[in-house]
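Visitor: Quick note: to get this note's numbering, add 51 to the position in the sequence shown (first position is 1).
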Amino acid sequence: MNYHWHWGILAEVSPDGSHTYWQTLLLGTGWTLATALAAWMLALTIGSLVGVLRTTPYPWLVRLGQAYVELFRNIPLLVQMFLWYFVLPELVPARFGTWLKQLPDASFWTAVVALGFYTSARVAEQVRAGITSMPRGQRLASLALGLTLPQAYVYVLLPMAYRVVLPPLTSEFLNIIKNSAVALTIGLMELTARARAMQEFSFQVFEAFTAATLIYIVINIAVTFTMRRVERLVAVPGYIGAAARPLTS
52 MNYHWHWGIL AEVSPDGSHT YWQTLLLGTG WTLATALAAW MLALTIGSLV
102 GVLRTTPYPW LVRLGQAYVE LFRNIPLLVQ MFLWYFVLPE LVPARFGTWL
152 KQLPDASFWT AVVALGFYTS ARVAEQVRAG ITSMPRGQRL ASLALGLTLP
202 QAYVYVLLPM AYRVVLPPLT SEFLNIIKNS AVALTIGLME LTARARAMQE
252 FSFQVFEAFT AATLIYIVIN IAVTFTMRRV ERLVAVPGYI GAAARPLTS
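1. Between the Cα of Y136 and those of L122, R124, Q153, spot the shortest distance and give me the residue it belongs to.
2. Using the beta-carbon count (16 or more within 10 Å), is Y54 buried or exposed?
3. With a 10 Å radius around its C-beta and 16 neighbouring C-beta atoms as the bar for buried, classify N230 as buried or exposed.
4. Just the C-alpha distance for A295 and V287, rounded to the nearest angstrom, thanks.
5. Whose CA, out of T71, V113, V281, lies closest to the CA of P218?
6. Taking the continuous alpha helix (DSSP H) assigned at A180, which residues delimit it?
7. For T71, list the residues DSSP reports as bridge partners.
8. Can you tell which of T264, A203, T236, F276 has the C-alpha that lies nearest to the C-alpha of T106?
9. Of all the options R283, F260, E251, A232, which has the alpha carbon lying nearest to the alpha carbon of W82?
10. Curious, which full-length alpha helix (DSSP H) runs of at least 4 residues does the segment 195 to 258 contain?
11. So, does the segment 200 to 214 touch the segment 109 to 124, judging by three or more C-beta pairs under 8 Å?
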């Protein structure tokens, strides 16, 4: 293959006239991280609530949580992104729909909502699994001590459940960073979209996407090492995820 490699393209000025291509990729990285972090906060909040609902002793709440998970988990992310961005403004009242269309950074907020709801269904499954893995006596002991059911969740069950499911939650956070690339389909100029624009303007496709790949790898490695350290700090001996301790004689 007669491809002309030109890594110096990263230092050349991009068509906007004010940034180099490398700086443009870093700007896209900023949007990627902002989208992932905002969507993760939404996903963790809603996912935790739905996960709790699925473990309550009230059947109608359990069915409600199950319906939520099945709805958002079984619709592809790309379809959900299009529904939020193109369909929702046409279904709501005209004045509200016009406001949504004219909202500054509309593609960013749409991506946050779509990613947040999509990932929240997966987080809900993790949280539910963490709570159900707790010994049944913990819930009963909490109630016997005079705690209400919400207090038992907040002070006893959820703190332990989060420790147990921290590794899979880390994987979900890594997924949300990678899934943010889907937002380019609705016009968000995140990292992948910036790399695509770079290759369209410069025709240096391999340099553009190699640089973007390396940035994704660095981000994911940083997140992985950080969360491994957090896992060691919060692990409770005797539970899943706790590091094994050497035997002493």
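Idealized CB from N, CA, C, for every residue including glycine.
Guide: The relevant details are as follows:
1. Out of L122, R124, Q153, the CA that lies nearest to the CA of Y136 is found in Q153.
2. Around the beta carbon of Y54, fewer than 16 other beta carbons sit within 10 angstroms, so the residue counts as exposed.
3. Buried: at least 16 other Cβ atoms inside 10 Å.
4. For A295, the predicted structure reports a pLDDT of 46, less than 50, and the residue's modelled location is therefore unreliable. A value from the coordinates is still provided. Rounded to whole angstroms, the gap between the alpha carbons of A295 and V287 is 10 Å.
5. Taking only the C-alpha atoms, the option nearest P218 is V281.
6. Where A180 is concerned, the enclosing alpha helix (DSSP H) stretches over 157 to 183.
7. For T71, which the question treats as bridged, DSSP gives the partners V64.
8. Taking only the C-alpha atoms, the option nearest T106 is A203.
9. When C-alpha distances from W82 are compared across R283, F260, E251, A232, the shortest belongs to A232.
10. Segments of the alpha helix (DSSP H) lying fully in the segment 195 to 258: 200 to 203, 209 to 215, 217 to 230, 242 to 253.
11. Because the criterion of three Cβ pairs below 8 Å is not met, the segment 200 to 214 and the segment 109 to 124 do not touch.
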